[in-house]
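Numbering (this note's numbering), first residue to last: 213 to 282.
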């Protein structure tokens, strides 16, 4: 799987998780759910953005390595 495909999968997974989390929040409404959201869910977009940046850098490096080996 290419790094671009992996990045697209990661973005889709975040979208899917967001939908699922909204559904879960409709039934889980206590202090622990709020803590979970603050600690994990809210931080995910920033983590995903950093991962996407790293994946883009890896893609560039892998393409360079491939070109150098040909």
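Where a beta carbon is used, it is the ideal one built from N, C-alpha and C, also for glycine.
What you are looking at is a predicted structure, and each value in this text was computed from that prediction instead of being measured.
- In the DSSP assignment, residue 260 falls within the unbroken alpha helix (DSSP H) covering 256–281.
- With fewer than 16 other Cβ atoms inside 10 Å of its own Cβ, residue 266 counts as exposed.
- In the three-state DSSP reduction, residue 214 falls in the coil class, being neither helix nor strand.
- In this model, residue 223 and residue 233 are separated by some 15 Å (Cα to Cα).
- Judged by DSSP in its simplified three-state form, residue 241 adopts coil rather than helix or strand.
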